[in-house]
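Colleague: What follows is a structure written as structure tokens; I'll ask about it next.
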Amino acid sequence: MRLLTLVEISERVRLTERKKAKVSLMAGLLGQARGREIALAASYLSGRLPQGRLGLGCKMLREAAEGLSPSPRPVTLVEVDAFFEAVAGERGAGSAQRRLRIIRELFSRCEEGERAFLTGLIMGEIRHGALEGLVLEAAARASALPLGRLRQALMFSGEIGEVARAALEEGGAGLSRFRPRLFQPISPMLASPAEDEREAAARLGEAAWEYKIDGARVQIHKGGDEVRIFTRHLKEVTGSVPEIVALARNFAPTEAIVEGEVVALGRDGKPLSFQATMRRFGRKKEVAEVRKTIPLNPYFFDLLYLDGEALFEVPYRERIRQLASVVSAGHLIPRIITADEKKAREFLLRSLEAGHEGLMAKALESRYTAGQRGYNWLKIKPFHTLDLVVLAAEWGHGRRRGWLSNLHLGARDPGAEGFVMLGKTFKGLTDEMLRWQTRRLLDLELGRDGGTVYVRPEIVVEVAFHDVQESPRYPGGLALRFARVKRFRQDKTAREADTFQKVEEIFQEGTKKEPGTSGAEKNTSSQ
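In case it helps, my numbering puts the sequence shown at residues 1262 to 1788.
Listed below in structure tokens is the structure:
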């Protein structure tokens, strides 16, 4: 199958508003694919790369596309996959330039629309309205199998491409091999946000309330003396976390799959920054040395498998009861069970005082729905807010087609009399807000680049976000995490927006407890 065929279907899906029509288009495409093409088509339509992150940024992709001679030659999905495999395999000195040459060669064979699609795929910005759930429905239709069977298979696989291929090539028998097995990572169950503990209590009634820890979610598989550890993205990190491996070997059961959060702790017992924890998980060399300065501590909250028995259909109340017999009390997530909103609020304050980011609220009768986000698990966390300026906006897709949706946000830079971009968000926007901002932004338009409209920096929005993280993608080196629009500040001008210095202060506050660095040292070094 040619890449161009998939790109054309992707564009038709983007221009289609009706869900059934989207599914029908994708089902037709999957039905034409053969062998490995099925897996690749399903993955690419879902906006996923089988190889994961390729280490290619916007600048490198722009450079790869510059000055290319217009001589496209047909390229197949399997050939595209081979190029991505070559990029993913590049390591060591000079690897960046080698990756650039590989992608440039691929781009040289592509038409403009194909290059745009591949760029979005690499950057994780495919937004044509075909989320994973719709692609799964398309695979179910193309294979004439019940959607529930494919959902269950995806729960235990995590790879939509392989599930789609098994369904289309082997039918129900192929899906039967996707079942919970030790050392095969399982897509994690996800939570939905709640505004506060009042909303969570109203939704769930009596629930398990747990500290929400800003660490790395892990899934630990133990079989005898063998232990393997996976991240929420199903990547194995066993070699990076030897202290967690040693702890898991002492679990009482012979076989178990346990979930938890791992966080780096400072000498005061409070969590270090998210970035500090992530440095441990990205480390493959000198692990023993880094372990001395960034020790990790796990907090376990769920039990999915115990001595040959899968527990996915067991209520959460019972799973946590059994978990207590597997994990020592000191490594269980702090938890209370209550229907009392006041007690939940007090517990939230205790979590925040301990340096954590909020609470999780979980329905006691909830089953474990792997890979899905629902309202049986809710997350509550206070947000920072900033008043930022809209620098540009991107046209929406699917039901937002025809509206300017994804906002480019910037903080004021008084010294340069300009703005520093901090990221993008389309979250929090109601239909009414979308209509208003589309009219207003078009009045302020300065120019366009593809699907992006650049505007005079006059609109101020109040943006809620969790924290600030380092990001090489933006000129200031910082980006907002989990940003969403709260409201338009029509009472403020761009000159009254928050400054980039304030953003830096929030970042420094969040990272001042880095191992070996005091808050004073951090503040001095940033001046």
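Just so it is clear, CB atoms sit at the ideal spot from N, CA and C, and this is done for glycine as well.
Give the C-beta separation of I1299 and R1489 to the nearest angstrom, bearing in mind that I take them to be a contact with Cβ-Cβ under 8 Å.
Modeller: Numbered from 1 along the sequence shown, position 38 holds the residue referred to as residue 1299. Numbered from 1 along the sequence shown, position 228 holds the residue referred to as residue 1489. In fact, because the Cβ distance is near 28 Å, the residues do not count as touching under 8 Å.
Colleague: Counting only the same chain and skipping the five closest in sequence on each side, list residues whose C-beta sits under 6 Å from that of G1789.
Modeller: No information on residue 1789 is available, as it lies outside the stretch 1262 to 1788 that the chain covers here.
Colleague: Measuring only the C-alpha atoms, how far is F1789 from L1291?
Modeller: Since the displayed the chain opens at 1262 and closes at 1788, residue 1789 lies outside it and no answer follows.
Colleague: Note down the Cα distance separating I1364 from N1558, rounded to an integer number of angstroms.
Modeller: Along the sequence shown, read from residue 1 onward, the residue named residue 1364 stands at position 103. Along the sequence shown, read from residue 1 onward, the residue named residue 1558 stands at position 297. C-alpha separation (whole angstroms): 40 Å.
Colleague: Can you have a look at M1262 and say buried or exposed, based on whether 16 or more other CB atoms are within 10 angstroms of its CB?
Modeller: By 1-based counting over the sequence shown, the position of residue 1262 is 1. It counts as buried.
Colleague: Relative to the alpha-carbon of M1384, which residue among L1301, M1321 and L1329 has its alpha-carbon at the smallest distance?
Modeller: The sequence position of residue 1384 within the sequence shown is 123, counting from 1. Considering only alpha carbons, the answer is M1321.
Colleague: Which whole-angstrom value describes the C-beta separation of V1651 and L1668, a residue pair presumed to lie in contact below a C-beta threshold of 8 Å?
Modeller: Along the sequence shown, read from residue 1 onward, the residue named residue 1651 stands at position 390. Along the sequence shown, read from residue 1 onward, the residue named residue 1668 stands at position 407. Rounded, the Cβ-Cβ distance is 5 Å, consistent with contact.
Colleague: Could you tell me the distance, in whole angstroms, from the CA atom of V1575 to the CA atom of P1441?
Modeller: Position 314 of the sequence shown, counted from the first residue, corresponds to residue 1575. Position 180 of the sequence shown, counted from the first residue, corresponds to residue 1441. The alpha-carbon atoms of V1575 and P1441 are separated by roughly 14 Å.
Colleague: Can you give the Cα-Cα distance for E1547 and D1457, rounded to whole angstroms?
Modeller: Residue numbering aside, residue 1547 sits at position 286 when the sequence shown is read from its first letter. Residue numbering aside, residue 1457 sits at position 196 when the sequence shown is read from its first letter. Each residue's alpha carbon lies about 42 Å from the other.
Colleague: What are the partner residues of T1337, as DSSP defines its beta bridges?
Modeller: Taking the first residue of the sequence shown as 1, we reach residue 1337 at position 76. According to DSSP, T1337 bridges with R1263.
Colleague: Among S1307, E1765, F1608 and R1709, whose alpha-carbon lies nearest the alpha-carbon of R1459?
Modeller: Within the sequence shown, the letter at position 198 stands for residue 1459. The option with the nearest alpha carbon to R1459 is F1608.
Colleague: Can you tell me the Cβ-Cβ gap for Q1480 and P1446, rounded? I've got them flagged as a contact below 8 Å.
Modeller: Within the sequence shown, the letter at position 219 stands for residue 1480. Within the sequence shown, the letter at position 185 stands for residue 1446. That pair is a contact at about 6 Å.
Colleague: For the 8 Å Cβ check, are there 3 or more pairs between the stretch 1625-1638 and the stretch 1562-1577?
Modeller: The stretch 1625-1638, when compared against the stretch 1562-1577, does touch it at the 8 Å Cβ threshold.
Colleague: With distances taken Cα to Cα, identify the nearest neighbour of R1673 among I1421, E1324 and K1753.
Modeller: Indexing the sequence shown from 1 puts residue 1673 at position 412. Of I1421, E1324 and K1753, the residue nearest in Cα terms is K1753.
Colleague: Consult DSSP for A1242 and reduce its assignment to one of helix, strand or coil.
Modeller: This structure gives no information on residue 1242, because the portion of the chain shown stretches from 1262 to 1788.
Colleague: Which one of H1658, P1733, A1294 and A1755 has the shortest CA to CA distance from T1713?
Modeller: Taking the first residue of the sequence shown as 1, we reach residue 1713 at position 452. It is H1658.
Colleague: Taking one C-beta from the stretch 1367-1382 and one from the stretch 1281-1291 each time, how about it: are there three or more such pairs within less than 8 Å?
Modeller: No, the stretch 1367-1382 is not in contact with the stretch 1281-1291.
Colleague: F1368 and S1271 - do their beta-carbons sit closer together than 8 Å?
Modeller: Translated into positions along the sequence shown, residue 1271 becomes position 10. Translated into positions along the sequence shown, residue 1368 becomes position 107. For S1271 and F1368, no; Cβs fall outside 8 Å.
Colleague: Can you tell me whether T1538 is helix, strand or coil according to DSSP?
Modeller: Counted from its first residue, the sequence shown places residue 1538 at position 277. Here T1538 sits in helix by DSSP.
Colleague: On the three-state DSSP scale, how would you describe H1494?
Modeller: As a first step, residue 1494 is located in the sequence shown; it is residue number 233 there, counting from the start. Of the three classes helix, strand and coil, the one that applies to H1494 here is coil, per DSSP.
Colleague: From L1315 to R1606, what does the alpha carbon distance come to, in whole angstroms?
Modeller: Residue 1315 sits at position 54 when you count from the first residue of the sequence shown. Residue 1606 sits at position 345 when you count from the first residue of the sequence shown. About 42 Å.
Colleague: If I measure Cβ to Cβ from L1695 and keep anything under 6 Å in the same chain, skipping five residues before and after, which residues do I get?
Modeller: In the sequence shown, residue 1695 corresponds to position 434, counting from 1. Cβ neighbours of L1695 beyond the five flanking positions: W1664.
Colleague: What span of residues does the alpha helix (DSSP H) with W1697 cover, start to end?
Modeller: Looking up residue 1697 in the sequence shown gives position 436. Unbroken alpha helix (DSSP H) run through W1697: D1692 to D1704.
Colleague: Any contact of the stretch 1753-1770 with the stretch 1717-1732, i.e. 3+ C-beta pairs under 8 Å?
Modeller: Contact between the stretch 1753-1770 and the stretch 1717-1732 is present, because at least three Cβ pairs lie under 8 Å.
Colleague: Take M1416 and list the residues in its own chain whose beta-carbon comes closer than 7 Å to its own, dropping the five residues that flank it on each side.
Modeller: As a working note, residue 1416 is residue 155 in the sequence shown. Around M1416: I1447, S1448, A1631 and G1632.
Colleague: Compare the C-alpha of V1341 against each of V1588, G1394 and A1302 and name the closest.
Modeller: The residue given as residue 1341 occupies position 80 in the sequence shown. V1341 has its Cα closest to that of A1302, out of V1588, G1394 and A1302.
Colleague: Using the DSSP secondary-structure output, state which residues sit across from N1637 in a beta bridge.
Modeller: As a working note, residue 1637 is residue 376 in the sequence shown. Answer is none; N1637 lacks a bridge partner.
Colleague: Would you call V1268 buried or exposed, if buried means 16 or more other Cβ atoms sit within 10 Å of its Cβ?
Modeller: The residue labelled residue 1268 in the question sits at position 7 within the sequence shown. Burial call: buried.
Colleague: Helix, strand or coil: which one does DSSP assign to E1765?
Modeller: Numbered from 1 along the sequence shown, position 504 holds the residue referred to as residue 1765. Note: E1765 maps to helix in three-state DSSP.
Colleague: I need the boundaries of the beta strand (DSSP E) containing T1646, first residue and last residue.
Modeller: Numbered from its first residue, the sequence shown carries residue 1646 at position 385. Run containing T1646: H1645 to W1656, per the beta strand (DSSP E) assignment.
Colleague: Buried or exposed for A1781, please, with buried defined as at least 16 other CB atoms from any protein chain shown within 10 angstroms of its CB.
Modeller: Sequence index remark: in the sequence shown, residue 1781 carries index 520 (1-based). Because A1781 sits at a pLDDT of 31, beneath the cut-off of 50, its placement in the model cannot be relied upon, and the following sentence gives the value as read from the coordinates. Flag for A1781 reads exposed.
Colleague: Measuring alpha carbon to alpha carbon, tell me which residue in R1323, R1662 and G1419 is nearest G1394.
Modeller: Start at 1 with the first residue of the sequence shown, and residue 1394 comes out as number 133. Residue G1419 is the option with its Cα nearest to G1394.
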